[in-house]
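Inspection log for the structure reproduced underneath, given as structure tokens.
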């Protein structure tokens with residue numbers, strides 16, 4: 042029988058992060074509720090729906106889908122087309138279709154939802170105490186998917202055969218675990234295992250863990266078959282909790298890799314972890330059970346609470362309470378702590394048994410990627426971890442914890458990984474397939490096509506062979522996952538970056554390469570994030586440590602005017618030399634000595650802190666190098682300027698981790714702002730050859746030293762220095778005269794600088810563009826590289842030089 046003329050059929054193609062979020066059962070229920078027929082299917086592009094019925098009902102269905110999608114879905118595009126009706130008698134969920142070029146987006150790993158938390162805590166529930174409980178609203182996604190479309194056979198759960206009870210949930214459209222690909226229970230799913238080190242087992246067994254009861258249960262190392270919720274997993278969790286209570290370092294396998302955990306309240310345990318990991322002073326993150334426990338450690342306003350309890354469950358940098366029950370050595374000298382809520386059932390169950398916060402830092406050695414398999418962890422973390430809490434659900438790719446903070450305009454992502462990656466960013470210009478390989482530090486990579494950019498999870502600094510292997514693996518992974526065959530590869534201008542060398546060596550002979558200047562990439566990343574038009578012209582205030590400039594010198598305190606396609610250097614900080622090149626980044630005293638020489642203030646009595654940090658011989662050698670330009674590249678680096686000020690105020694002479702000196706200056710300024718008398722230190726703007734404006738730091742330096750000579754406290758000097766830098770930026774912005782101003786680069790991780798500059802520019806009538814969804818540091822470089830390349834490809838202005846500038850020594 043032919044379909045009735047009053048029956049209308051609508052096809053909807055939906056793109057975005059729409060697989061693995063319960064979209065199909067959600068649509069099934071809506072269609073059935075409206076009395077409509079048709080079908081829904083996952084395919085390589087996302088979701089396709091064909092629905093038919095009375096025109097009013099079909100229209101109501103489409104409107105409801107737009108206004109009320111599944112909670113975790115991120116829809117980027119819906120295309121509608123009215124087609125001939127087919128006379129369907131029911132609404133069906135069809136089997137997924139493979140093939141074609143994927144445009145569907147993979148959802149990030151999601152923190153445990155309230156319903157699953159209730160399941161693991163409910164007496165009598167078959168998942169009570171089960172560490173791998175999940176549903177369509179939560180659980181692993183990106184860390185387990187092998188290929189698209191996102192279905193169980195395409196994930197690392199393929200090897201776990203569901204029991205009848207789980208299969209019934211998985212197959213029922215009315216169940217919240219319908220097509221929850223990692224669905225499992227104690228009878229059929231992954232399990233924990235406890236690998237003790239060379240432990241004094243009696244010491245661990247006798248330790249008292251708050252919140253635990255009963256005698257210790259010895260974990261097993263084999264899995265003979267189905268177990269009860271109070272069996273093997275419970276035993277491993279109790280062993281881990283007791284080990285933490287005994288002050289031991291426990292390596293815990295989570296969603297995207299391992300954490301190294303210790304009791305956050307124990308100075309001895311934290312010091313032990315630091316000594317073994319050779320992480321002398323860099324702040325450590327703390328994991329807590331819930332928001333209430335977080336608020337015993339830090340001050341958490343509305344934005345902070347939103348971040349902490351979001352499905353991403355990132356680390357959030359927040360001001361520490363004076364009476365916070367955590368060891369001082371968690372973040373020595375730092376007024377803030379990075380806090381995150383437990384993100385998986387495993388972490389919830391472990392913390393509930395332990396009863397107090399734990400340090401949870403990346404399970405790796407310095408400058409290496411995190412471990413993802415038990416065997417790798419046991420090999421690479423030997424000598425750091427005492428014991429290992431592991432599981433048998435394979436991790437497809439490493440995913441670190443994300444780092445965020447409340448910013449001047451809302452949440453800001455400082456490190457984009459678990460919970461956020463690899464959600465795509467729209468970029469209308471990115472129609473041609475492109476690969477961007479990012480920078481050398483805080484590396485991420487990106488692939489783009491069809492108006493979308495997929496930015497990878499945080500990879501890290503490419504300083505070690507292990508890190509470079511992880512980088513290469515991530516490039517291959519993204520090209521394969523999204524089946525991108527790039528027409529061009531985009532990289533930084535610096536020839537010695539590992540990412541640049543990779544681009545030249547792997548693609549030089551058969552693919553166009555597009556070099557993008559480092560600070561222009563920062564500018565373009567912010568413009569892309571704010572969906573700026575290709576011809577939109579802004580002022581970019583790009584302040585960071587180092588980046589190779591187009592003139593072959595080391596830039597870092599830049600004022601660029603331009604847009605996506607190109608940018609002109611219209612201003613910069615006054616140049617100075619870096620004695621020893623890269624060594625100056627590790628020793629702020631070197632930059633300070635250079636600034637004193639440049640300003641003619643070597644003999645100033647208040648420069649004694651820097652002079653005392655150098656021997657007479659060191660001073661003579663460094664000054665000679667500066668005078669003759671020997672291994673002393675010229676720079677405009679704002680990062681090294683912050684380092685120098687920190688040295689001159691006696692705060693840091695040798696950095697134990699990247700950014701330590703600048704952080705010390707910021708923390709001192711934070712104290713100084715509570716008693717902020719006097720004004721900003723002066724800076725001058727003058728015009729150099731070619732019309733480029735120079736922001737001169739010499740008046741600031743001299744005034745700060747005079748203050749110190751008069752006995753002005755260091756915190757107040759630090760606060761006045763920050764205010765002087767903010768005022769200098771505002772003065773430059775007025776002089777350039779562009780309405781929109783981008784703030785980007787690693788220096789804007791400094792909250793005082795970022796907030797102060799944002800406020801000053803707003804008062805001056807500027808529109809300020811800040812990063813929110815991608816890092817302000819080098820983690821956003823790959824997005825900017827894609828944006829520049831896309832704009833140049835669209836305009837037909839791509840320049841492909843055969844040779845890159847020679848090394849500058851930095």
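Residue numbers (my numbering): 42 to 851. Note that beta-carbon positions come from the ideal geometry of N, C-alpha and C, so glycine has one too. Source: prediction; values computed, not measured.
Please determine, among 98, 824, 80, the residue with the shortest C-alpha to C-alpha distance to residue 467. 824
What span of residues does the alpha helix (DSSP H) with residue 665 cover, start to end? 657-669
What runs of the alpha helix (DSSP H), each 4 residues or longer, lie entirely inside the segment 569-644? 624-627, 629-640
Cβ of residue 599 within 8 Å of Cβ of residue 617? no
What is the DSSP secondary structure of residue 14, reduced to helix, strand or coil? The structure shown has nothing for residue 14, since the chain only spans 42 to 851.
Between 449, 574, 295, 728, which has its C-alpha nearest residue 802's C-alpha? 449
Cα separation between residue 500 and residue 163? 38 Å
Just checking my contact of residue 399 with residue 371 at CB under 8 Å: how many whole Å lie between their CB atoms? 10 Å between Cβ atoms; not a contact.
I need the straight-line Cα distance from residue 374 to residue 120, nearest angstrom please. 54 Å
Are the Cβ atoms of residue 114 and residue 64 separated by less than 8 Å? yes
Rounded to whole angstroms, what is the Cα-Cα separation between residue 446 and residue 358? 5 Å
Is the CB-CB distance between residue 833 and residue 555 below 8 Å? yes
With distances taken between CB atoms, is the gap from residue 792 to residue 483 smaller than 8 Å? no
Excluding the five sequence neighbours on either side, which residues of its own chain have a C-beta within less than 7 Å of the C-beta of residue 404, listed in chain order? 292, 298, 299, 300, 301, 411, 412, 418, 422
Report yes if the C-beta distance between residue 587 and residue 385 is below 8 Å; otherwise report no. no
Can you give the Cα-Cα distance for residue 365 and residue 333, rounded to whole angstroms? 13 Å
Should the segment 686-695 be called in touch with the segment 659-677, which here means at least 3 C-beta pairs below 8 Å? no
Would you tell me roughly how many angstroms separate the C-alpha atoms of residue 396 and residue 389, rounded to the nearest one? 10 Å
Could you give the DSSP three-state label for residue 207: helix, strand or coil? helix
Measuring straight from C-alpha to C-alpha, what distance separates residue 408 and residue 629? 21 Å
Straight-line CA distance for residue 402 to residue 677? 34 Å
Buried or exposed for residue 830, going by 16 or more other Cβ atoms inside 10 Å? buried
Can you name the residues that DSSP bridges to residue 737? 725
Decide if residue 750 is buried, meaning its Cβ has at least 16 other Cβ atoms within 10 Å, or exposed. exposed
Taking residue 434 as the reference, which of 552, 316, 564, 227 has the closest Cα? 227
From what residue to what residue does the alpha helix (DSSP H) around residue 803 run? 792-804
Within the chosen definition, does the segment 525-540 reach the segment 474-493 through at least 3 CB pairs nearer than 8 Å? yes
Take residue 708 and list the residues in its own chain whose beta-carbon comes closer than 8 Å to its own, dropping the five residues that flank it on each side. 374, 375, 376
Assess contact between the segment 197-211 and the segment 318-325, defined as three or more Cβ pairs (one per stretch) separated by less than 8 Å. Is contact present? no
Taking only the alpha-carbon atoms, compute the straight-line gap between residue 465 and residue 360 and give it to the nearest angstrom. 31 Å
Quick one: give me the first and last residue of the beta strand (DSSP E) that residue 51 is part of. 48-58
Beta-carbon proximity check, residue 740 vs residue 723, cutoff 8 Å: yes
Helix, strand or coil for residue 468, going by three-state DSSP, please let me know. coil
On the DSSP letters alone, give me the boundaries of the beta strand (DSSP E) that residue 815 sits inside. From DSSP, residue 815 is part of no beta strand (DSSP E); its letter is neither H nor E.
Find out if the Cβ-Cβ distance for the pair residue 149, residue 438 is shorter than 8 Å. no
Would you kindly work out how many angstroms separate the C-alpha atoms of residue 510 and residue 504, rounded to a whole number? 11 Å
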